[in-house]
Ligand code: GLU
């Protein structure tokens, strides 16, 4: 590529960042970083009916959490700002006027009543719902009269008849549209705001966007955009429409079948690394079967040429698997903030535990969890004393002799000075030898005594983490309670 690519993520602030939006943002980001280009955030907020308070701030903070840093944007500035469309209204009006002068757009004063009658009629005759260009025939005098009378109006695109519009999409190949299927799109609404189509094209041009990478749901808008580029006499950007996101039953990904907001995934305890990794695979792979990626590898490997056409299935099981893999591959210390925030949402007092202690707990549990919060739910014995012992394990592992064996073991433990894992292990071996027992006779009831459970991390890990005093206390308490 000889010019520096400039790409953009152009969300409409609806109140949250949709996972599909994250995929679009990510692919733009990867493309920009791979080619040493620029990644721009532009807020498309010209639909006043959909205005949501705080939506932009929320979007930016979520994007920030994912690590998709942009080079230019509303809070960052840049040479082509403002990056919020509601602050660019004059630009769109001037451009609409330019099209009117070229006869490529026209004023339309039709009342809502007339438009609805027209629609009824077309429904009746089974014609495509389309504006009938009635106002295209107004004389300059009539237009002037209406404007002076302050009659409400919109500005419409003058779509040419029977013209084939071709798009060479990087992902979809050549796509053709007949202009007959296009409505004379409103470009400026009666409230003076531009529609998505006009604002999007004008901004992509003025912001020198080289590649438009966006979801397939926008493909049907692209012929209108092509007309706009041509009418203005501008070069078209390269288009790349990303495959649809589907539920496992192949229906369009929707709120009804699960979470779609990135915030929800964050709140559920997914690591950003896992979410990014997962979203990267929604329509892209490097041509092999590798699935575990860090951001730097994604940047290195990503290309639009290896994005698929076929819809991408949103498979939560894969996301869970990736979350577990990313947890496993992180330093336990890096997971401390996650564990602390999970503890804050639990019944335990987070301030009670030192970083050192929690790091050891994570070390022991990292291989056994899908979410960091499971450190707490799967091993509550690291955070509180044992109140309940698993009845099945009692039945299977606790015999009449157990109290005697465990007392001996406890005596052996009490002789240890600041024991490490091996010291506990050696003490247990010694006890079994003295008692002439198999290791199982001691190890299973010991686990039950210190954890209340029959499974978990290595028993010596548990002993080492909770320490000698607690170990001895818990053995004593179990003997009292279970005998
Ligand atoms: N504002 C559109 C959206 O909400 C942008 C589509 C595009 O990238 O052109 O996704």
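Numbering (the numbering used here), first residue to last: 3 to 485. Backbone N, C-alpha and C define an ideal beta-carbon position, used for all residues, glycine too. None of the values given here were measured: they were computed from a predicted structure.
Compute the Euclidean distance between the alpha carbons of residue 284 and residue 130, then round it to the nearest angstrom.
Working through the chain shown from its first residue, we reach residue 284 at position 282. Working through the chain shown from its first residue, we reach residue 130 at position 128. Distance between the alpha carbons of residue 284 and residue 130: 35 Å.
Span of the alpha helix (DSSP H) around residue 243:
The residue you call residue 243 lines up with position 241 of the chain shown. Per DSSP, residue 243 belongs to no alpha helix (DSSP H); it is in the beta strand (DSSP E), 240-244.
Specify the secondary structure class of residue 188 as computed by DSSP and reduced to three states.
Within the chain shown, numbered from 1, the residue matching residue 188 stands at position 186. Of the three classes helix, strand and coil, the one that applies to residue 188 here is strand, per DSSP.
Between residue 229 and the rest of its own chain, which residues show a CB-CB distance below 6 Å, the 5 nearest in sequence each way excluded?
Taking the first residue of the chain shown as position 1, residue 229 is located at position 227. Correct list: empty, nothing qualifies.
Would you call the region 92-101 and the region 216-227 in contact, with 3 or more CB pairs under 8 Å?
no
Should residue 220 be counted as a contact of ligand 1 given a C-beta to heavy atom distance under 6 Å?
Stepping through the chain shown from its first residue, residue 220 is reached at position 218. Under cutoff, so the answer is yes.
Which whole-angstrom value is the C-beta distance of residue 271 and residue 373, which I expect to be below 8 Å?
Position 269 of the chain shown, counted from the start, is the residue given in the question as residue 271. Position 371 of the chain shown, counted from the start, is the residue given in the question as residue 373. Going by Cβ atoms, the distance from residue 271 to residue 373 rounds to 4 Å, so yes, they are a contact pair.
For a minimum of 3 consecutive residues, which ranges assigned as the beta strand (DSSP E) are wholly contained in the region 90-119?
107-110
Straight-line Cα distance separating residue 189 from residue 207
Taking the chain shown and counting its residues from 1, one reaches residue 207 at position 205. Taking the chain shown and counting its residues from 1, one reaches residue 189 at position 187. Rounded to the nearest whole angstrom, the CA to CA distance from residue 207 to residue 189 is 16 Å.
To which residues of the same chain is residue 309 closer than 6 Å at the C-beta, ignoring the five residues directly before and after it?
Numbered from 1 along the chain shown, position 307 holds the residue referred to as residue 309. Taken in chain order, the residues that qualify are 173, 285 and 286.
So the beta strand (DSSP E) residue 40 belongs to, where does it begin and stop?
In the chain shown, counting from the first residue as 1, residue 40 sits at position 38. Start and end: 40-43.
Find the nearest neighbour of residue 246 within the set 23, 16 and 479, judged by alpha-carbon distance.
Sequence index remark: in the chain shown, residue 246 carries index 244 (1-based). Of the listed residues, the one whose Cα sits closest to residue 246 is 23.
Return the chain-ordered list of same chain residues with a C-beta closer than 6 Å to the C-beta of residue 43, the five sequence neighbours on each side being excluded.
For this step, residue 43 is matched to residue 41 along the chain shown. These residues qualify, in order along the chain: 11, 72 and 75.
Nearest CA to the CA of residue 256: which residue from 238, 27, 316 and 99?
Locating residue 256 in the chain shown gives position 254, where the first residue counts as 1. If we check each option's Cα against that of residue 256, 316 comes out closest.
Tell me which residue opens and which closes the beta strand (DSSP E) that residue 217 is part of.
Numbered from its first residue, the chain shown carries residue 217 at position 215. Unbroken beta strand (DSSP E) run through residue 217: 213-217.
At a cut-off of 6 Å, would you count residue 30 as near ligand 1, judging by its Cβ distance to the nearest heavy atom?
Stepping through the chain shown from its first residue, residue 30 is reached at position 28. For ligand 1, not one heavy atom lies less than 6 Å from the Cβ of residue 30.
Can you tell me whether residue 158 is buried or exposed, with buried defined as 16 or more other CB within 10 angstroms of its CB?
Residue mapping note: residue 158 aligns to position 156 of the chain shown, counting from 1. Classification for residue 158: buried.
By the DSSP assignment, the beta strand (DSSP E) with residue 178 in it spans what residues?
As a first step, residue 178 is located in the chain shown; it is residue number 176 there, counting from the start. Element bounds for residue 178: 175-180.
For ligand 1, is there any heavy atom lying closer than 6 Å to the beta carbon of residue 60?
For the purposes of this step, residue 60 is taken as the residue at position 58 of the chain shown. No, since every heavy atom of ligand 1 falls outside the 6 Å radius drawn around the Cβ of residue 60.
Coil, strand or helix - residue 374 by DSSP:
By one-based count along the chain shown, residue 374 stands at place 372. Correct three-state label for residue 374: coil.
Considering only residues of the same chain and omitting the five flanking positions on each side of residue 348, which have a CB-CB separation below 7 Å?
Within the chain shown, residue 348 is the residue found at index 346, counting from 1. Counting only Cβ-Cβ distances below 7 Å, and skipping sequence neighbours, we find 378.
Looking at the secondary structure, which residues open and close the alpha helix (DSSP H) in which residue 71 lies?
Counting from one through the chain shown, the residue named residue 71 turns up at place 69. Segment: none, residue 71 is in no alpha helix (DSSP H) and carries neither H nor E.
For residue 475, which of helix, strand or coil comes out of DSSP?
One-based indexing of the chain shown puts residue 475 at position 473. Residue 475 falls in the helix class under three-state DSSP.
Using a 10 Å radius around the Cβ and a threshold of 16 neighbouring Cβ atoms, would you call residue 224 buried or exposed?
As a first step, residue 224 is located in the chain shown; it is residue number 222 there, counting from the start. Residue 224 is buried by the Cβ-count criterion.
Closer than 6 Å by C-beta to residue 263: which residues in its own chain qualify, once you throw out the five before and the five after it? Chain order, please.
On the chain shown, position 261 is the one that residue 263 refers to. Hits under 6 Å: 18.
Restricting to Cα atoms, I'd like to know which of 358, 342 and 53 is closest to residue 351.
Position 349 of the chain shown, counting from 1, holds the residue named residue 351. Minimum Cα distance to residue 351 is reached at 342.
Cβ contact (3+ pairs, closer than 8 Å) linking the region 190-202 and the region 33-50:
Touching, per the Cβ criterion.
Of the choices 393, 136 and 400, whose alpha-carbon is the least far from that of residue 485?
As a working note, residue 485 is residue 483 in the chain shown. Comparing Cα positions, the closest option is 400.
On the DSSP bridge list, what partners appear for residue 286?
Position 284 of the chain shown holds residue 286. In DSSP, residue 286 forms a bridge with 309.
Shortest alpha-carbon distance to residue 191 belongs to which of 61, 143, 414 and 98?
As a working note, residue 191 is residue 189 in the chain shown. Among 61, 143, 414 and 98, the Cα nearest to that of residue 191 belongs to 98.
Sequence-distant residues of its chain with Cβ nearer than 7 Å to residue 168 (five each side left out):
The residue given as residue 168 occupies position 166 in the chain shown. The residues are 176 and 178.
Less than 6 Å between the CB of residue 216 and some heavy atom of ligand 2, yes or no?
Only ligand 1 can be found as ligands here, which leaves ligand 2 out of the picture.
Answer with buried or exposed for residue 415, where buried requires no fewer than 16 other C-beta atoms within 10 angstroms of its C-beta.
In the chain shown, counting from the first residue as 1, residue 415 sits at position 413. Label assigned to residue 415: buried.
Going by the C-beta, is residue 339 closer than 6 Å to any heavy atom of ligand 1?
For this step, residue 339 is matched to residue 337 along the chain shown. Incorrect: residue 339 has no Cβ contact closer than 6 Å to ligand 1.
Roughly how many whole angstroms lie between the Cα atoms of residue 2 and residue 318?
Nothing can be reported for residue 2, as the shown portion of the chain is limited to 3 through 485.
Going by beta carbon distance, what residues of the same chain come within less than 6 Å of residue 70, once the five residues before and after it are set aside?
Within the chain shown, the letter at position 68 stands for residue 70. Taken in chain order, the residues that qualify are 27 and 31.
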